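J.:
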Amino acid sequence: MACRPCPWAISCPSLDQAVQQLLFDVDWRDGGEGPRLDVLIVDMPLGTGDVQLTLGQLVAVDGAVIVSTLQDVALTDVRRGISMFRKVSVPITGTILNQSYFVCPSCVTPHYLFGSLAAFRSLAASLDVPVLGELPLVKGVSVGGDNGVPYVLTSRKEQGEGDSAGGAVWRNVMQEIAGTIASTDNLQVTGKTDSSHATVLKCDK
């Protein structure tokens, strides 16, 4: 493993090999015993790179969830990513808008810091992709990511102290999204789901 501050360069063939090892050579059981993996969620940046293509070609992916922000470059990546997944026959479960608005601690009114949500909604409609949810901008999500602790695994007291109404909205929207994805892909949700940049969901039935 390279040192933490050092750059890590990896060639495309090596990257493909790493993906294959992740999928086929890892024993996901607890201590080599018990049931095998039921669901694998792979978190990737948006784009049309080798990893996305390799996943689409090597395994039966049940669905892709595309997470975006309102910036034009992000929406362009969404369009390209959806087009690529469709070319390799990966179903698009839906799309999520992250950092869609901000709810200040002293009120419950959404503040659209990055502009109207119309462009995102219009893109989703034009691509015939359902909008699974629109997540508010919440400080605790960023802090949790930096600390390696998903926001949904922090206590509600911690969330409430730092994020107030916005945190409650975020949790509720994510719970609805988790339920929608579960029903779409015939999964059973036993916990809560964290948000990320772009997620591919694979289920071995």
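By UniProt numbering, the letter at position 149 of the sequence shown is numbered 149, and the numbering carries on one by one without gaps.
Glycine included, C-beta positions come from ideal geometry on N, C-alpha and C.
Note that the coordinates shown come from a computational prediction; the quantities given were computed from them, not determined experimentally.
1. From residue 153 to residue 147, what does the alpha carbon distance come to, in whole angstroms?
2. Taking C-alpha atoms, which residue in 110, 20, 85 lies nearest to residue 56?
3. Taking the beta strand (DSSP E) that residue 132 belongs to, which residues open and close that run?
4. Contact between the region 78-98 and the region 53-69: three or more CB pairs below 8 Å?
5. For residue 140, is the classification buried or exposed, using 16 other Cβ atoms within 10 angstroms of its Cβ as the cut-off for buried?
6. Please classify residue 170 as buried or exposed, where buried requires at least 16 neighbouring CB atoms within 10 angstroms.
7. Where does residue 24 land, buried or exposed, given buried means 16+ other C-beta within 10 angstroms?
8. Going by the beta-carbon positions, is the gap between residue 46 and residue 120 smaller than 9 Å?
9. How would you call residue 112, buried or exposed, if buried means at least 16 neighbouring beta carbons within 10 angstroms?
10. From the DSSP output, in three-state form, read off residue 68 for me.
11. Look up residue 176 in the DSSP assignment and give the residues it is bridged to.
12. DSSP on residue 114, reduced to helix/strand/coil?
13. With a threshold of 16 other CB atoms inside 10 Å of the CB of residue 179, please say whether the residue is buried or exposed.
14. For residue 37, report the span of its beta strand (DSSP E) as first-last.
15. How about residue 26 and residue 61: are their beta carbons less than 9 Å apart?
T.: This is what the structure holds:
1. 12 Å
2. 85
3. 131-134
4. yes
5. buried
6. buried
7. exposed
8. no
9. exposed
10. strand
11. Beta-bridge pairing links residue 176 to no other residue.
12. coil
13. exposed
14. Careful: residue 37 lies outside any beta strand (DSSP E) and carries neither H nor E.
15. no
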